[in-house]
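Below is one structure; the comments refer to it alone.
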Amino acid sequence: MCGIVGYIGDKPVVDILLNGLQQLEYRGYDSAGVAVMCENKINVYKAEGKLENLSSELLIHKDEYKNSTMGIGHIRWATHGAPNVINAHPHTCNCGSLVIVHNGIIENYKELKSELEKKGAKFRSQTDTEAVAHLIAYIYNETKNLTEAVRLAAQKIDGAYALCVMHSDKKDELVATKRNAPLLVGVGENEYYVASDVPATIPYTKKAMYLNDNQIVTLTRQSMTLIDSEGNELPKKVETLPWEPVALSKMGYKHFMLKEIHEQPDVIRNVLTGKIHSSDEPIILNEVKLTKESLKNLNRIQIIACGTSLHAAMIGKYIIEDFCGIAVDVEASSEYIYRKTVTDEHTLVIGVSQSGETADTLTAIKQSKARGSHILIITNRPDSAMAREADSLLSVNAGIEVSVAATKSYMAQLVSFYLLAIYMAEIKGNMNTEALKTLKSDLTLVPQKIEQILSHKEYIQKCAQYYANTKDFIYVARGINYPTALEGALKLKEISYINATGYPAGELKHGPIAMLDESMPVLSILMKGSVYEKLLSNSEEAKARNARMIALTNSKDEKLKDLFDFIIEVPEIQELLSPLIAIVPLQLIAYYISEYLGKDVDQPRNLAKSVTVE
Ligand code: M6R
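Take the numbering used here: the last position of the sequence shown gets the number 629, and nothing is skipped along the way.
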């Protein structure tokens, strides 16, 4: 996480840096800072908290940097050291002539620090980054060559980094490099932009060069030079990005999250466009390169993801096993990468990630790729590092999601899994064609069913407000909606900080039931189908312990009225597609509780949208 930006050209730099940081705010928001080249020295400005605090700080000093046209900036998600001004980037060497911004984690910073302290470095912050500032400065003092100093310093660093560096001796030079963290250079007319992600550069130029690991780029106003870790000059691959600048607007909604929840019907329509033409025709997934032969050679499928994407993956497992009869394992990427996995060329590995740059998932994907597995990536960012590792790509087209809590991207991932499972079942030819047809036509009806839920959201709001002051919340479900319970609980935890947990309802009596009493809300996801009666019995057991019962259901069953205090009704849908419907009221409950409690809905504490550290 963290976002870095840099600019060298002839425009006033501070506006460009601030605009860029604003676009990268999803990467972190606990402090921010910029360093700008002024007449005789580099000035550094920092502020704790949101970017607006830095903007106010900069306004006070506007006369100091008004002619400056070169600088670097940073927005932080703290890893080492508290989120305060001292730990905010940019970090400097002892005398302040060298400044750096960094995204990533320097694993050997303690060793570097003690070596550098012996040489006279004075550390001021608790960050890992400061060691790199002193290290580069120390080498620079010997070589007087900034690119070379960065190159040699990089050889001493263990860990992940994207770095942008400047030195007060070099009034026309910015140097940047990366390893296992994203970085690109936006290419303009006699000007260059450095950024962690495209939204920071696209308002200025569509031309960009993505850096590969261990490459070092040196930018002057007139030139861009790329070298490898050995110092050999490399050809530069400048692409024209298929992006348009988008004005991020709440469109009248109070928060981005509420807007994004409401966008879900259109997101589904988008995902389906061009992939389902009619229920009689096979699904078309142009960038998925699986064949009857390759599916025959598969022993199993392994899906790897984190957070909300992991919950989408769990539903993916359920439907792929159901539709295709292939064994599927799902694992959190952070666990997958540190054990001896039995992945090989007979395993299809599916990585799921909204951002396409989650460090754990990216590492897991690279490990499986090295073992010869076919890599299929489901992502909202077809230009991401993960997409670049893909043999097959399923781009979910959810559009930019601003709220840190994922909603519409989850919906798009789910729909993509349905498409993939049907696509594979069609290739394998093992599923009843009538059932496949019905699935396809029922999928196209989901958007209007979600619109129905959204048009009755006031009841959900009332229910949410009724429970807003609870300390704990339990969600239960069985079968295909167990991951829905987990996702509902995650949404509530993330944005309201209430201790919420999802359980498979059958597990309640094996322990969690001990927690139930008249203070505990229990929400049952009671969708009609194979586990409906079983879940009803589990809900009776919870009611018998005086829990405060809420039903989320598509059943008109009269007996629910005796059992539940609130009944949230959703439209009828076949059981296999019910996760698409059931999640929407849960997103709304989380939203309305958070909003009622006055929390920061779109930027909850301690979180970042893109998690680029392991
Ligand atoms: O970008 P990714 O989908 O790989 O991100 C994974 C998780 O960090 C993400 O889903 C996170 O759990 C969201 N904040 C959930 O709302």
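The beta-carbon is built from N, C-alpha and C at its ideal position, and this holds for glycine as well.
Whole-angstrom distance between residue j and residue i, CA atom to CA atom
i	j	result
residue 421	residue 323	7 angstroms
residue 81	residue 479	50 angstroms
residue 25	residue 510	42 angstroms
residue 46	residue 111	20 angstroms
residue 127	residue 133	10 angstroms
residue 381	residue 314	20 angstroms
residue 53	residue 83	6 angstroms
residue 604	residue 72	37 angstroms
residue 192	residue 359	33 angstroms
residue 31	residue 486	43 angstroms
residue 546	residue 434	24 angstroms
residue 377	residue 227	14 angstroms
residue 233	residue 348	34 angstroms
residue 395	residue 556	41 angstroms
residue 99	residue 145	14 angstroms
residue 311	residue 444	11 angstroms
residue 205	residue 225	18 angstroms
residue 208	residue 105	17 angstroms
residue 213	residue 614	29 angstroms
residue 88	residue 506	31 angstroms
residue 611	residue 484	9 angstroms
residue 417	residue 157	45 angstroms
residue 342	residue 591	18 angstroms
residue 18	residue 383	28 angstroms
residue 467	residue 584	10 angstroms
Beta-carbon proximity check, residue i vs residue j, cutoff 8 angstroms
i	j	result
residue 411	residue 599	no
residue 113	residue 172	no
residue 179	residue 282	no
residue 43	residue 90	yes
residue 365	residue 318	yes
residue 335	residue 405	no
residue 432	residue 330	yes
residue 565	residue 519	no
residue 541	residue 568	yes
residue 627	residue 196	yes
residue 562	residue 531	yes
residue 40	residue 69	no
residue 149	residue 136	yes
residue 217	residue 256	yes
residue 339	residue 440	yes
residue 617	residue 271	yes
residue 429	residue 389	no
residue 154	residue 85	no
residue 92	residue 623	yes
residue 326	residue 498	yes
residue 455	residue 294	yes
residue 504	residue 494	no
residue 458	residue 302	no
residue 109	residue 16	no
Secondary structure of residue i, DSSP reduced to three states
i	result
residue 514	strand
residue 446	coil
residue 496	helix
residue 315	strand
residue 453	helix
residue 240	strand
residue 421	coil
residue 42	helix
residue 487	strand
residue 568	strand
residue 553	helix
residue 525	helix
residue 478	helix
residue 536	strand
residue 221	coil
residue 337	helix
residue 352	coil
residue 183	coil
Please go through the region 77-110 and give each complete alpha helix (DSSP H) segment of 4 or more residues, from N-terminal end onward.
77-80
For the region 112-165, list the beta strand (DSSP E) runs that are entirely contained and at least 3 residues long, ordered along the chain.
113-121
Within the structure, which residues are defined as neighbours of the ligand M6R by a Cβ-heavy atom distance below 5 angstroms, reported in chain order?
That query returns the following residues: 321, 322, 323, 324, 368, 369, 370, 373, 420, 421, 626.
Which complete alpha helix (DSSP H) runs does the region 372-445 hold, if anything under 4 residues is left out?
The region 372-445 contains these whole alpha helix (DSSP H) runs: 374-385, 400-403, 423-443.
Please go through the region 252-330 and give each complete beta strand (DSSP E) segment of 3 or more residues, from N-terminal end onward.
315-320
Could you tell me which uninterrupted alpha helix (DSSP H) segments, each at least 4 residues in length, are contained entirely in the region 569-596, listed from first to last along the chain?
575-578
Which runs of the alpha helix (DSSP H) at least 4 residues long sit entirely within the region 18-63? Give them in chain order.
28-38
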